[in-house]
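In UniProt numbering, the protein residues as written are 1 to 140.
Worksheet: one structure, shown below.
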């Protein structure tokens, strides 16, 4: 049950990060507030670290029109800030994919160990039944 909940959290976080990154990359220059819902949705995910949530809040607090209404050098500054957010989200995405993969490997190893134990115990039970049957036949 813990594995399933953790795996679901990772999968939801990875999906949300992928969508948010796609939105930011697609609309790097002219973003309307409504298009940032994918990014703002990241704040509600439990696996997103507090420092990343703070960076997302700062990013969302910026006025998208502000970067477009100024001269070219300042527009590059706005673009760079978007790039930093995208980089941070991509690092989180890579981290979560790695952690989810590690969790999946651990679960597979745990399941394999359980299966081997059950196979061994079943074999012991079968052998004990066979021994009992043989002893009963010998006594009779």
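The C-beta atom is built at its ideal place from N, Cα and C for all residues, glycine as well.
Going by Cα to Cα distance, which pick from the options is closest to residue i?
i: residue 37; options: 135, 103, 23; result: 23
i: residue 88; options: 1, 18, 8; result: 18
i: residue 8; options: 82, 133, 97; result: 97
i: residue 85; options: 112, 102, 59, 114; result: 59
i: residue 61; options: 82, 110, 44, 48; result: 82
From which residue to which residue does the alpha helix (DSSP H) around residue i run?
i: residue 56; result: 50-61
i: residue 13; result: 2-26
i: residue 40; result: 37-41
Are there 16 or more other CB atoms within 10 angstroms of the CB of residue i, so buried, or fewer, so exposed?
i: residue 20; result: buried
i: residue 39; result: buried
i: residue 10; result: buried
i: residue 5; result: exposed
i: residue 137; result: exposed
i: residue 16; result: buried
i: residue 13; result: buried
i: residue 46; result: exposed
The stretch 118-126 contacting the stretch 45-59, beta-carbon criterion three pairs below 8 Å: no
Cβ contact (3+ pairs, closer than 8 Å) linking the stretch 79-99 and the stretch 121-130: no
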